[in-house]
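Below is one structure, written out as structure tokens; the observations come after it.
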Amino acid sequence: MSRRPLALALCAAALAVTAAGCGDDEEPSAGTAGTTSTASGASGPAAADGAKLFAQANCGSCHTLARAGTDGGFGPNLDETRLDVAAIERQIRVGGGGMPPFQGTLSPTDIAAIAQYVAGGGDG
114 MSRRPLALAL CAAALAVTAA GCGDDEEPSA GTAGTTSTAS GASGPAAADG
164 AKLFAQANCG SCHTLARAGT DGGFGPNLDE TRLDVAAIER QIRVGGGGMP
214 PFQGTLSPTD IAAIAQYVAG GGDG
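Counting with the working numbering, you get residues 114 to 237 for the letters of the sequence shown.
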């Protein structure tokens with residue numbers, strides 16, 4: 114019985130942190146138009162935009178990603194992900210496993226740029 118209130122409190126805290134990451138009112142970055150995703154990640158402008166968008170969307174508040182300098186404690190450690198770009202895009206778009214969907218918050222181009230960055234494209 115004592116574990117249930119603790120679990121609910123942890124879920125509420127995780128939801129609050131996630132919701133805080135969704136409240137960014139900044140305009141999506143221009144210059145990502147025409148980017149495409151590749152299974153091996155990308156480098157160059159799309160990856161640079163991905164790094165910027167990763168920070169703006171507060172992805173690091175939940176996720177650890179060394180090259181972004183983040184040490185989130187709620188979501189999966191992205192340094193250990195073995196997903197391809199398409200799978201990462203889908204996860205960002207529809208959410209799941211505790212992650213909210215960003216389909217209505219980020220444009221498809223922005224989602225693709227973040228996915229490319231997370232998959233290992235560019236230095237950020």
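Beta carbons are placed, not taken as given, at the ideal position from N, Cα and C, and that holds for glycine.
Those residues which DSSP pairs with residue i across a bridge
{"i": "T177", "result": "D184"}
{"i": "G209", "result": "M212"}
7 Å CB neighbourhood of residue i in its chain, flanking five on each side removed
{"i": "R206", "result": "P214, F215, Q216, I224"}
{"i": "T177", "result": "T183, D184, G185, N190, L191, D192"}
{"i": "E202", "result": "S150, I224, A225, A228"}
Residue i classed as buried or exposed, judged by whether at least 16 other C-beta atoms fall within 10 angstroms
{"i": "G185", "result": "buried"}
{"i": "A179", "result": "exposed"}
{"i": "G210", "result": "exposed"}
As assigned by DSSP and simplified to three states, the class of residue i
{"i": "P189", "result": "coil"}
{"i": "G163", "result": "helix"}
{"i": "R203", "result": "helix"}
{"i": "C218", "result": "According to the sequence provided, residue 218 is Thr. The question's Cys does not apply to it. Residue state, collapsed to three classes: coil."}
{"i": "D223", "result": "helix"}
{"i": "A170", "result": "coil"}
{"i": "A232", "result": "coil"}
Residue j beta carbon less than 8 Å from that of residue i
{"i": "C175", "j": "F187", "result": "yes"}
{"i": "G173", "j": "A161", "result": "no"}
Proximal residues to residue i (C-beta, below 6 Å), its chain only, five neighbours per side dropped
{"i": "P221", "result": "none"}
{"i": "G163", "result": "A226, I227, Q229, Y230"}
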